[in-house]
Amino acid sequence: MCVDRRIDRPGSANLGARLESDVTTLVQSGRYPSRSEVLRESARLVEERERRLLALAAAIAHGLADADAGRVEAVADIAERLTANYQARAESDVS
Numbered sequence: 176m177c178v179d180r181r182i183d184r185p186g187s188a189n190l191g192a193r194l195e196s197d198v199t200t201l202v203q204s205g206r207y208p209s210r211s212e213v214l215r216e217s218a219r220l221v222e223e224r225e226r227r228l229l230a231l232a233a234a235i236a237h238g239l240a241d242a243d244a245g246r247v248e249a250v251a252d253i254a255e256r257l258t259a260n261y262q263a264r265a266e267s268d269v270s
């Protein structure tokens, strides 16, 4: 069975030699049916990364706002509570 592995090249995407080679390899290997599909998938991945970065920035802003408002707990207090919790679990597993 012969599968068409065309590599269409829109003039608006200049990727440079290394990325062009990567795209060509992906198409020729059959992983993607065309250069356009590789570029679309790349754009989707960039969009997803940008969404995650925005969510991270929002979470950081929220955490900083909590810290500024005094809604924080000292790391030593958290570590002490976690240590006691894990020690209690370990002791109950031994029993």
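For the sequence shown, our numbering begins at 176 and goes up steadily by one.
All C-beta atoms in this analysis are idealised placements derived from N, C-alpha and C, irrespective of residue type, glycine included.
Just so we're clear, the structure is a prediction, and the values are computed from it rather than from any experiment.
Stretch-stretch touch, CB-based, cutoff 8 Å, three pairs: the region 231-242 with the region 212-223: no
Tell me the rounded alpha-carbon separation between Gly205 and Ala192. 20 Å
Would you tell me roughly how many angstroms separate the C-alpha atoms of Ala263 and His237, rounded to the nearest one? 33 Å
Given this structure, state the Cα-to-Cα distance separating Leu257 from Leu228, to the nearest angstrom. 30 Å
Just verifying my parser: in three-state terms, what is the DSSP assignment at Asn189? coil
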